[in-house]
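Undergrad: To get our numbering, take the position in the sequence shown, counting from 1, and add 5.
Just so it is clear, CB atoms sit at the ideal spot from N, CA and C, and this is done for glycine as well.
No experiment lies behind these values; they were computed from the predicted model shown.
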Amino acid sequence: MEQLPITKQGYEALKKELERLKTIERPENIKSIEVARAHGDLSENAEYHAAKERQSFLEGRIGEIGYKLGTAKIIDPETVPKDAVRFACRVLVENVDSEERVEYMIVGPDEADIKLGKISVSSPLASALIGKKPGDEAIVQAPGGKRLYEILDIL
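1. Inspect the beta-carbon positions of residue 105 and residue 122 and report whether they are closer than 8 Å.
2. Note down, in chain order, each residue of its chain lying with its Cβ closer than 8 Å to the Cβ of residue 30, except the 5 sequence neighbours on either side.
3. Within this structure, are the beta carbons of residue 93 and residue 111 separated by less than 8 Å?
4. Can at least three beta-carbon pairs, one atom from the stretch 67 to 76 and one from the stretch 6 to 23, be found at a separation below 8 Å?
5. Please tell me whether residue 156 and residue 138 are closer than 8 Å, where the distance is taken between their beta carbons.
6. Return the CA-CA distance between residue 36 and residue 113, expressed in angstroms with no decimal places.
7. What number of angstroms, rounded off, separates the C-alpha of residue 150 from the C-alpha of residue 127?
8. Rounded to whole angstroms, what is the Cα-Cα separation between residue 87 and residue 159?
9. Could you name the residues that DSSP lists as bridge partners for residue 10?
10. So residue 41 and residue 56 are in contact, right, with Cβ under 8 Å, and what is the actual spacing, rounded?
11. Residue 134 lies in the alpha helix (DSSP H); which residues open and close that run?
12. Among the residues of its own chain, which have a CB less than 7 Å from the CB of residue 136, if the five just before and after it don't count?
13. Would you call residue 28 buried or exposed, if buried means 16 or more other Cβ atoms sit within 10 Å of its Cβ?
14. I'd like to confirm the pairing. Which residues does DSSP put opposite residue 125 in its beta bridges?
15. What span of residues does the beta strand (DSSP E) with residue 40 cover, start to end?
16. Check whether the Cβ atoms of residue 142 and residue 130 sit closer than 8 Å, and answer yes or no.
17. Rounded to whole angstroms, what's the CA-CA distance from residue 117 to residue 45? Just pull it up for me.
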C-alpha cells in the first residue's frame, strides 16, 4: 500500500472534515431523505433525488478521506533536511523574468492553498522544484508559457 505524504496540520484537517461529515452532514442528509420520502411519489420527487445524490457524494468523500488517513505518512516540516527542496519544506524562489520573489511550502494535494503559499507536491511548480538546491534553476511549463525560477533559499 502506497503511503501518502501529509503534514500534521493537513492530517488533522482531514480528521476534522471526516468527523464533520460523519456527525453533522450525514445525519442531516438522512433527515432530508426521510422528509423528501414522506412527500410521496419518489419517481418525480426532486428533493428526494437531490438528497440521494448528496448521500452518494458524502459516502464517497467519507471513503476517500478514510483511505487517505489510513495511508497517510505524516511528515514533520521541522525534521525535513534543508539541503534540497522536499515535501513539507518552505522554499524561497525568484521568477527570473519578473524578479518577483515568492515563498512556498510544498504540501499534499488536500492541503494546497495558494493564498497561504502552500502548493501541492503534484503541481507543475513543485514538481520542477523537488530535488533542487539553492542556486539551482527550475523551468516550469505554465499556462502562459515557460517560466524560469531560481531557488534562493530553503527555509
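TA: Answer, in terms of the structure:
1. no
2. 63
3. yes
4. yes
5. yes
6. 34 Å
7. 19 Å
8. 6 Å
9. 78
10. 5 Å
11. 129 to 134
12. 89, 90
13. exposed
14. 112
15. Run containing residue 40: none in the beta strand (DSSP E); it sits in the alpha helix (DSSP H), 31 to 42.
16. no
17. 44 Å
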